[in-house]
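Trainee: Before we start, here is the structure in question, set down as structure tokens.
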Amino acid sequence: MSATFTLAAELRTDTGKGASRRLRHANRIPAIIYGAGKEPAMITFRHDDVVHACADEAFFSHILTLEFDGKSEQVIIKDMQRHPAKLQIMHADFQRIDAAQKLHVNVPLHFINEEDCPGVKGGGIISHVITELEIACLPKDLPEYIEIDMANLDLNESVHLSEIQLPEGVNSLAAVDEEHDQPVATVVLPRGETADEETVEDAAEGDSEAESSED
20 MSATFTLAAE LRTDTGKGAS RRLRHANRIP AIIYGAGKEP AMITFRHDDV VHACADEAFF
80 SHILTLEFDG KSEQVIIKDM QRHPAKLQIM HADFQRIDAA QKLHVNVPLH FINEEDCPGV
140 KGGGIISHVI TELEIACLPK DLPEYIEIDM ANLDLNESVH LSEIQLPEGV NSLAAVDEEH
200 DQPVATVVLP RGETADEETV EDAAEGDSEA ESSED
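Take 20 as the starting number for the sequence shown in the numbering used here and just add one per residue.
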């Protein structure tokens, strides 16, 4: 993992809805850290610091460092609640890292060679069915993202879950068997082009029928 994320936090002792509301009015985010056999810690962050970190998708699949109370904790983000109507983060949950325990994390998928695949060159477009994958791995093996190579796909062809090449030490948690092998990305014709082709075919059939009736 190339990126690093460090956030400054503060411990909080005042809890409850009223306390959380006051923190948000002060442009801060209430949060909690739990896991690794330790007691949960109630903390708070500057809202702008977290918003800035969230602008990088890697923030959600990286091991983060939180600094507070004269110490630091390594964590991953497990949940983030956002206001339904405002650009505001309401609350965040972080899980402590144990080097000996596997993590369950959603990792983004990066699609490569899309413009060079035969299907796109033939007029198709890429439809991304899945944009992230839930994986299990030890903290040391956590990937920033997983690449999906689209180089060999033609029109109406797909990459499926079973075809994803995972890094060493990483396992997918998605169900894959003979009956469940969900497509990840597909090359399809744009709807407009399909409709145009059908219109042309209908017109050609109409002309043929007219010529037949004249005969």
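Ideal Cβ positions, reconstructed from N, Cα and C, are used throughout, including at glycine.
Owing to the predicted nature of the structure, the values given are computational and were not obtained by experimental measurement.
Taking Cβ positions, are Glu157 and Gly138 nearer each other than 8 Å?
Mentor: For the purposes of this step, residue 157 is taken as the residue at position 138 of the sequence shown. For the purposes of this step, residue 138 is taken as the residue at position 119 of the sequence shown. Before going further, note that residue 157 is Leu rather than Glu in the sequence given. No.
Trainee: With burial defined as no fewer than 16 other Cβ atoms inside 10 Å of the residue's Cβ, what is the status of Thr63: buried or exposed?
Mentor: Taking the sequence shown and counting its residues from 1, one reaches residue 63 at position 44. Buried is the call here.
Trainee: Would you mind sorting Arg47 into buried or exposed? The rule is 16 or more other CB atoms within 10 Å of its CB.
Mentor: Here residue 47 corresponds to residue number 28 of the sequence shown, with the count starting at 1. The residue is buried, with at least 16 neighbouring Cβ atoms inside 10 Å.
Trainee: Since Leu122 and Glu151 should fall inside the 8 Å C-beta cutoff, what is the C-beta to C-beta distance between them, to a whole number of angstroms?
Mentor: Sequence index remark: in the sequence shown, residue 122 carries index 103 (1-based). Sequence index remark: in the sequence shown, residue 151 carries index 132 (1-based). Not really, about 14 Å apart at Cβ, beyond 8 Å.
Trainee: State the CB to CB distance for the pair Lys97 and Gln120, rounded to an integer number of angstroms; the pair is presumed to be in contact (CB under 8 Å).
Mentor: Numbered from its first residue, the sequence shown carries residue 97 at position 78. Numbered from its first residue, the sequence shown carries residue 120 at position 101. Actually they do not touch by this definition, with Cβ atoms about 14 Å apart.
Trainee: Could you give the DSSP three-state label for Glu76: helix, strand or coil?
Mentor: Residue 76 sits at position 57 when you count from the first residue of the sequence shown. Helix.
Trainee: Is DSSP giving Glu182 helix, strand or coil here?
Mentor: Sequence index remark: in the sequence shown, residue 182 carries index 163 (1-based). It is helical.
Trainee: For Glu176, which residues in the same chain have their Cβ closer than 8 Å to its Cβ, ignoring the five residues on either side in sequence?
Mentor: To locate residue 176, count along the sequence shown from 1; it is residue 157. Closer than 8 Å at the Cβ level, and outside the excluded window around Glu176, lie Gly138, Thr205 and Val206.
Trainee: Which residues in the same chain have their Cβ closer than 8 Å to the Cβ of Glu133, if we skip the five residues on either side of it in sequence?
Mentor: Residue mapping note: residue 133 aligns to position 114 of the sequence shown, counting from 1. Cβ neighbours of Glu133 beyond the five flanking positions: Val139, Ile145 and Met169.
Trainee: Residues in the same chain with beta-carbon distance under 8 Å from Arg101, minus the five sequence neighbours each way, listed in chain order, please.
Mentor: Position 82 of the sequence shown holds residue 101. Around Arg101: Gln107, Ile108 and Met109.
Trainee: Please confirm whether Glu163 and Asn125 have their CB atoms less than 8 Å apart.
Mentor: Looking up residue 163 in the sequence shown gives position 144. Looking up residue 125 in the sequence shown gives position 106. Going by C-beta atoms, Glu163 is not nearer than 8 Å to Asn125.
Trainee: Give every residue of the same chain whose Cβ lies closer than 8 Å to the Cβ of Arg31, excluding the five residues on either side of it in the sequence, and list them in chain order.
Mentor: For the purposes of this step, residue 31 is taken as residue 12 along the sequence shown, with counting starting at 1. Hits under 8 Å: Ala38, Leu42, Pro49, Met61, Ile62 and Thr63.
Trainee: Can you tell me whether Leu161 is helix, strand or coil according to DSSP?
Mentor: In the sequence shown, residue 161 corresponds to position 142, counting from 1. It is coil, neither helix nor strand.
Trainee: Can you round the beta-carbon distance between Ala27 and Glu86 to whole angstroms, since I take them to be within the 8 Å contact cut?
Mentor: Here residue 27 refers to the residue found at position 8 of the sequence shown. Here residue 86 refers to the residue found at position 67 of the sequence shown. About 5 Å; that satisfies the 8 Å criterion.
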